[in-house]
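Enquirer: Please read through the structure below; I'll follow up with questions.
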Amino acid sequence: MSDIPQERRVVTAIPGPKSQELQQRRLAAVAAGVGSTLPVFTARVDRGIIEDVDGNRLIDFGSGIAVTSVGASAEAVVRRASAQLQDFTHTCFMVTPYEGYVEVAEALAELTPGDHAKKSALFNSGAEAVENAVKIARAYTKRQAVVVFDHGYHGRTNLTMALTSKNMPYKHGFGPFAPEVYRVPVAYGYRWLTGEENAGAEASAQAIDQITKQIGAENVAAIIIEPVLGEGGFIEPAKGFLPAIRQFAADNGIVFVADEIQSGFCRTGQWFACEDEGIVPDLITTAKGIAGGLPLAAVTGKAEIMDAAHAGGLGGTYGGNPVACAGALGAIETMKELDLNAKAKEIESTMKARLTAMQEKFSVIGDVRGRGAMIAIELVKNPATKEPDAASTAAIAKACHAEGLLVLTCGTYGNVLRFLPPLVIGQDLLNEGLDIIENALAAL
Ligand SMILES: *Cc1c(COP(=O)(O)O)cnc(C)c1O
């Protein structure tokens, strides 16, 4: 288990010489289509610090894209996964099952919203979970159409590319895409033309109008939405939007799928972000934060929907791998023991207070938003026109990286800096990271 002093330390240029050497090998051996935000090669990770091969210690505001919420070497994850490794690495749950898979399904039934009977199926990646949610919804409804939203992101496989909104880099040149996928408006409050206060009602009315007039509600198997949109720019659909869409789905026999792959497992200060508006989805997809960094994903939902697919229709060789399941049980244990929902809310109050103060000083910050430890700033050239400022966003990320703070960008317009610190980060590191962001804004 890693035990690294929780202090930033920059001892070489970033990336340093050893990272640069590894990067040369990587460029020769690894496909160019697999990018990296920051080509600093990792040696060890503990709570809020990533230590690189040159001995630099970076503050982590990324958590490997919202994955290592409990840290990348959490004691309970390491302990349980190591014990499982000693016993067996794999049998394939579809050949001879094991208890860990069942325990994870039981935990998901307990933690996800709603008190109805629930069942789960486990997979390896978020995209695979979303694909399977579509399979299950189609089997249950015997309908084909799938509705998704502007700015939505659901993965990189063929079906999930079709479900994803943004062309570059996710879809460009990779078509043709899967059919029967329809995209409708989402209540993006900051950019809604008639104002944030109207966005929930107007966007839901437009979305429902498009579904009924262009697709036909009776043809729709599933509506899939991220309760807080991730890659699309940490967009919290404006108030009223999610309940209206959820109600429409219920009224029309459509399976409502909450894609909580990024927003789930304490990230937004709730076990699942849809709880903030009292939404109970029919199906929920999870991955990322679920297993402390081990590859695991799930579809969880109403038992009668989950049971609609015939035996053998769902699964996969590695789905619900025993080591990953042990990691998930360790991650969930850590979330409960350390009350990471409360930690996420503390991170939100620290970050929002500081970022809102920065917004008053720096007009490039058009919007501060997000919930829990899923916080973002949207950068604009002019707060009146809201013209996206992708160049400043990239410049600030670069300046932060040079100082030893790992930040990520996102957004349809590439103009959102997103902050996803591990929920176990210390208050000092959090504030130091915010100081670095503030200095980068001042130097812009
Ligand atoms: C990351 C993500 C996915 C895809 O997960 P992978 O594990 O990368 O396949 C799907 N939906 C959302 C909301 C995500 O953030």
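So for the sequence shown, this note's numbering puts the first residue at 6; every next one is plus one. Where a beta carbon is used, it is the ideal one built from N, C-alpha and C, also for glycine.
1) Could you give the C-beta distance for residue 126 and residue 303, rounded to a whole number, given that I count them as a contact under 8 Å?
2) Look at the alpha carbon of residue 62 and the alpha carbon of residue 182, and state the distance between them as a whole number of angstroms.
3) Below 6 Å CB to CB, which residues in the same chain sit around residue 56 once its five sequence neighbours on both sides are set aside?
4) Nearest to residue 121 by alpha carbon, out of 264, 135, 381, 309?
5) Excluding the 5 residues preceding and the 5 following residue 170 in the sequence, name in chain order all residues of the same chain whose CB lies nearer than 8 Å to its CB.
6) Comparing C-alpha positions only, which one of 162, 226, 404 sits nearest to residue 177?
7) By DSSP's criteria, residue 415 is part of a beta bridge. Which residues make up the other side?
8) Beta-carbon distances below 5 Å to any heavy atom of ligand 1 define the shell here; list its residues in chain order, please.
9) Quick check: what's the CA-CA separation for residue 428 versus residue 312?
10) Near residue 357, what residues of its chain come up, given a Cβ to Cβ distance below 7 Å and the 5 sequence neighbours on each side ignored?
11) Which partner residues does residue 383 have in the DSSP bridge list?
12) Look at the alpha carbon of residue 54 and the alpha carbon of residue 360, and state the distance between them as a whole number of angstroms.
13) Nearest to residue 342 by CA position, among 271, 205, 378, is which residue?
14) By DSSP, does residue 34 sit in helix, in strand, or in coil?
15) Buried or exposed for residue 327, please, with buried defined as at least 16 other CB atoms from any protein chain shown within 10 angstroms of its CB.
16) On the criterion of 16 or more Cβ atoms from any shown chain inside 10 Å, does residue 179 qualify as buried, or is it exposed?
17) Please list, in chain order, all residues of the same chain as residue 207 whose beta carbon is under 8 Å from its beta carbon, the five residues on each side excluded.
18) What does residue 446 pair with, by DSSP beta-bridge criteria?
19) To the nearest whole angstrom, what separates the beta carbons of residue 245 and residue 205, a pair I think is in contact under 8 Å?
20) How many angstroms separate the CA atom of residue 212 from the CA atom of residue 167?
21) The alpha helix (DSSP H) with residue 145 in it runs from where to where?
22) How far does the alpha helix (DSSP H) with residue 335 in it reach, from first residue to last?
23) In whole angstroms, what is the alpha-carbon distance linking residue 224 and residue 130?
24) Name the DSSP bridge partner or partners of residue 125?
25) State buried or exposed for residue 432, treating a residue as buried only when at least 16 other CB atoms are found within 10 Å of its CB.
26) Can you tell which of 393, 365, 319, 288 has the C-alpha that lies nearest to the C-alpha of residue 447?
27) CB-CB under 8 Å to residue 318, same chain, minus the five flanking residues each way: which ones, in chain order?
28) Going by beta carbon distance, what residues of the same chain come within less than 7 Å of residue 22, once the five residues before and after it are set aside?
29) Our contact map puts residue 397 next to residue 369 with C-beta atoms below 8 Å; I'd like the distance itself, whole angstroms only.
30) List the whole-angstrom C-beta distance separating residue 262 from residue 79, where the pair is believed to meet the contact cut-off of C-beta under 8 Å.
31) Ends of the beta strand (DSSP E) at residue 262?
32) Quick check on the DSSP output: the beta strand (DSSP E) that includes residue 65 runs from which residue to which?
33) Once you ignore the five residues that flank residue 258 on each side, which residues in its own chain have a CB closer than 7 Å to its CB?
34) With C-beta atoms as the reference, is residue 116 less than 8 Å away from residue 276?
Expert: Inspection of the coordinates gives the following:
1) 7 Å
2) 42 Å
3) These residues qualify, in order along the chain: 9, 48, 49, 62.
4) Nearest to residue 121 by alpha-carbon distance, out of 264, 135, 381, 309, is 309.
5) Once the five neighbours on either side are set aside, the close Cβ partners of residue 170 are 153, 154, 155, 156, 157, 158, 188, 237, 417.
6) 162
7) 421, per the DSSP bridge assignment.
8) Counting every residue whose Cβ lies closer than 5 Å to a heavy atom of ligand 1, we get 130, 131, 132, 159, 160, 231, 235, 264, 266, 267, 292.
9) Each residue's Cα considered, the two are about 35 Å apart.
10) So the qualifying residues of the chain are 373, 380.
11) Answer by DSSP bridge pairing, in chain order: 372, 421.
12) 22 Å
13) 271
14) helix
15) buried
16) exposed
17) 192, 197, 199
18) Residue pairing by DSSP places residue 446 opposite no residue, since no beta bridge is assigned to it.
19) 3 Å
20) 18 Å
21) 131–146
22) 327–342
23) The straight-line gap from Cα to Cα measures roughly 28 Å.
24) 305
25) exposed
26) 365
27) 140, 144
28) So the qualifying residues of the chain are 59.
29) 5 Å
30) Wrong, their Cβ atoms sit about 29 Å apart, outside the cutoff.
31) 260–264
32) Element bounds for residue 65: 62–65.
33) 146
34) yes
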